[in-house]
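Going by full-length UniProt numbering, the first residue of the sequence shown is number 1, and it counts up by one from there.
By construction, the Cβ of each residue, glycine as well, lies at the ideal position given by its N, Cα and C atoms.
Quick notes on the structure that follows.
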Amino acid sequence: MGPTNRSPEACVSAGTIVSAETNTVPSAPGTWSPVNAPPAPAPVPAPAPAPAPAPAAPPTSNLPNTGQTRTGNTEVDAYLKGHNDIRARHGAVALTWADDLANAAARWASNCVWEHSRGKVGPFGENLAAGTGLTAAAAVKMWTDEVSEYNPARPQYSHFTQVVWKATTEVGCAVRPCTGILPGYPGPVNFHVCEYRKPGNVIGQFAENVQV
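Have a look at this one:
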């Protein structure tokens, strides 16, 4: 089950740890503001075997990076399909893949830090997701499942609104295995980062960019 909060809070579902985070942009283009929802207490993972296989050399708390950042053809196809299937249902044109955005996403993912880049990799929109064994398709679905929470009469930013934002035309994503980046869960997760151009979630522009 995907989280419904905007803060970097871990959620537990049947022994699987998942979490997500998104950006919002004020009306002035190029000026970035992180999401500052009050953090909730991090839950304790259920006492179950880790659903993701352990790496050959068990990581420790001072070795958070457990693998290489990657975006293979399988991931690219999954990211694009996940985005474009729901964009088609909400009146938005299909996104195209941008290698420079994927490279920016890979640079940020390689830090294995559960927070937004805040413009450090470029003036892009950004969605984050992390979870044990989380695939590209599942990460995008976790974001787009937030459609049920969107009220056009009182629009609020979310992962969903960035995914379907009409003015956004390009996306690039990356995933990296990381350990100990989620509050309350010290184990390994797949850390997904997607960067968007033009950035979505611009305050004051929801009516023309989010169709429900």
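In whole angstroms, what is the alpha-carbon distance linking residue i and residue j?
i	j	result
valine 189	alanine 174	14 Å
tryptophan 165	aspartate 85	13 Å
proline 123	glutamine 211	24 Å
glycine 200	serine 110	24 Å
asparagine 209	aspartate 145	18 Å
glutamine 205	lysine 120	24 Å
threonine 71	threonine 135	11 Å
alanine 137	lysine 81	8 Å
cysteine 178	glycine 133	11 Å
leucine 95	valine 76	12 Å
threonine 169	valine 93	7 Å
arginine 118	glycine 180	21 Å
alanine 78	lysine 141	10 Å
histidine 83	valine 163	6 Å
Just list the residues that DSSP pairs residue i with in beta bridges.
i	result
threonine 135	Per DSSP, none; premise fails for threonine 135.
glycine 172	Glu195
asparagine 177	Per the sequence shown, the amino acid found at residue 177 is proline instead of asparagine. Answer by DSSP bridge pairing, in chain order: Asn190.
residue 216	Nothing about residue 216 can be read from this structure; the chain reaches only from 1 to 212.
Run through DSSP, which three-state label would residue i get?
i	result
tyrosine 79	helix
leucine 95	coil
threonine 71	coil
valine 202	strand
valine 163	helix
tryptophan 143	helix
tryptophan 114	coil
alanine 109	helix
alanine 88	helix
serine 148	helix
**Request:** Decide if the segment 191-199 is in contact with the segment 93-105; the criterion is three or more beta carbon pairs, one per stretch, under 8 Å apart.
**Result:** yes
**Asked** Can we say the segment 145-159 touches the segment 174-188, given the rule of at least three CB pairs closer than 8 Å?
**Response** no
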